Amino acid sequence: METKPLDNIFNSYAGAAAVFREKDTLTDRHIPERIPHREEQISNIARVLAPSLRGQRVSNLFIFGTVGTGKSVSAKYVASELEKKSGGGVRVLYVNCKMKSVADTEYRLLAELARGMGRRVPATGLPTDEIYKIFFSAIDEEKKSLILVLDEIDALVKKVGDGILYNLSRANQELANTKLSIVGISNDVSFLDTIDPRVKSSLSEEEIIFPPYNANQLRDILSERARLAFNSGVIEDGLIAKCAALAAQEHGDARKALDLLRVAGELAERSGKDRITSEHIDQAEEKLDTDRVTTIVKSQPNQSKAVLAAMLSLQGRGDTPASTKGSKQPNGRGCSRQSGSDGFLETGDIFSEYEKICKAAGLKVLTQRRISDLISELDMLGVINARVISKGRYGRTKEIRLILSRELTDRIRKIMVDSYILEG
DNA sequence: AGTCCACAGGAAGGGCAGGCGA
DNA sequence: TCGCCTGCCCTTCCTGTGGACT
């Protein structure tokens, strides 16, 4: 019988799953039955929310902690247990405010909440106070305690301001039959300082902090998840410890640790192995980093891509201040600059190269002031490293370093070609 | 000590797109 | 549907800055 080109690939996956038993347990969709090292925080959340079981209004709650410290999963866990325990007396609505088209505007968030309560509302068109009315009447009709979990609440406030929180926090005055409480989750502890003091005082009645995990705690979490996710013998304890150590370096980020395990498993599976090796973990770490940067670069507007292309072009040519020392600079300046001996790039050089790239690609050339901001944004996104330095007589500038591997550079170059920023 | 460079980065405002509300 | 509003992107103008040079 004839073998089709894809048969080998599909057949290897169609057989018994050699590596994974239940891959979903390594994603953030999964709510585990036990969350190690978060017992205290979970009890505290439960204590705050428990009065809802008696039909009382519970205090609004703020949960803080850096990425991957178990805030969302703990809140979801307590919420789902509470809903089960209440026998229908408590309703929890969860919204991730960072999701695009969910909470970019006041209207969209309220529409999402109203839909969560089973109401049909148009994507646009209604006045905002109308959508408030629809949402409030929907929750009032249910005659239940409603707990509104707003994950990444700082993103919501950044986009739409704190007015919506003020309105929601005052909702109980308009509701006859339902008690509404808000649980806000944020990575940014200083976020509360940025909102209106009236909103702050009514919202942050209770606060719970989630500290980062250490390597040992991460190892416990990973062991538990790995037991569920992988078939026995697929991964050994030493490799779990390695993942934990790598993630502990990244501020104790459990999400990153779980991603490492999942991607390592996928790499093992793709290479036809039934065991995860140390190399798979290393490859997974590199892949996660590469995917993160390429995703960021792809999502950038063309102007930012052109700035990055200028940096790649200068770096690829070795045309940094270091290598051109003693010759005329691209921006027409003199030669006696002293820094740059380490092969970094500077704003002026990048701008000159950027102008050339824009002209070649038919893009509008923005001002150097704007490019300076775009460089700062790329720095903030972690694609480049930039810091302000002074070269004394020769002015101040940003010292910019590209922290990209060879493979990553090639992939970004391809993105530039696909976006018609660079020629293929 | 004063000068100078090459920017950094803040402030103000224009133009535009999209959302809001009547 | 249309005027108003808001936010975003961008420009222009400006002051500030650190350290080499004079």
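The first sequence lines up with residues 437 to 860 when you count with the numbering used here.
Note that the Cβ used here is the ideal one computed from N, Cα and C, for glycine as well.
None of these values were measured; they are calculated from a predicted model.
Positions of the alpha helix (DSSP H) runs, each at least 4 residues long and wholly inside the segment 648-715, are given as 651-665, 673-685 and 690-706 in order along the chain. Per DSSP, K741 lies in no beta strand (DSSP E) segment; the continuous alpha helix (DSSP H) that holds it begins and ends at N738 to R753.
When DSSP assignments are scanned along the segment 488-520, the uninterrupted stretches of beta strand (DSSP E) that are 3 or more residues long and fall wholly within it turn out to be 497-501.
With fewer than 16 neighbouring CB atoms inside 10 Å of its own CB, P737 falls in the exposed class. About 5 Å separates the CB atoms of V455 and V670; that is less than 8 Å, so the two are in contact. Membership of I848 in the alpha helix (DSSP H) is indicated by the continuous run R842 to D854.
V509 and I467 do touch by the CB rule: their CB atoms are close to 6 Å apart, below 8 Å. By the Cβ-count criterion, H687 is exposed, with fewer than 16 other Cβ atoms from all chains shown falling within 10 Å of its own Cβ. For L489, the closest of D576, L744 and E519 by C-alpha to C-alpha distance is E519.
Your pair A547 and I567 checks out as a contact, with CB atoms roughly 6 Å apart and the cut at 8 Å. Nearest to S855 by alpha-carbon distance, out of F780, A651, G504 and S740, is S740. Taking every protein chain shown into account, the CB of T731 has fewer than 16 other CB atoms within 10 angstroms, so this residue is exposed. Restricting attention to E782, I600 and Y790, the CA atom closest to the CA of L799 is found in Y790. The DSSP-derived three-state label of D587 is strand. Assignment of beta-bridge partners to T461 by DSSP yields no partner.
Between L611 and F572 a beta carbon distance of about 6 Å is seen, short of the 8 Å cut, so the two are scored as contacting.
Segment contact: the segment 468-480 against the segment 580-587, fewer than three CB-CB distances shorter than 8 Å; contact not assigned. Here R806 is actually not in contact with N821; their C-beta atoms are around 21 Å apart, not less than 8 Å.
Contact check between the segment 656-665 and the segment 526-533: fewer than three CB pairs, one atom from each, fall below 8 Å, which does not count as touching. When C-alpha distances from I811 are compared across R829, A796, K795 and K834, the shortest belongs to K834. By the beta-carbon neighbour count (other beta carbons within 10 angstroms, threshold 16), R544 is buried.
For E610, the three-state secondary structure derived from DSSP is coil. Per DSSP, the unbroken alpha helix (DSSP H) holding F787 starts and ends at T783 to A797.
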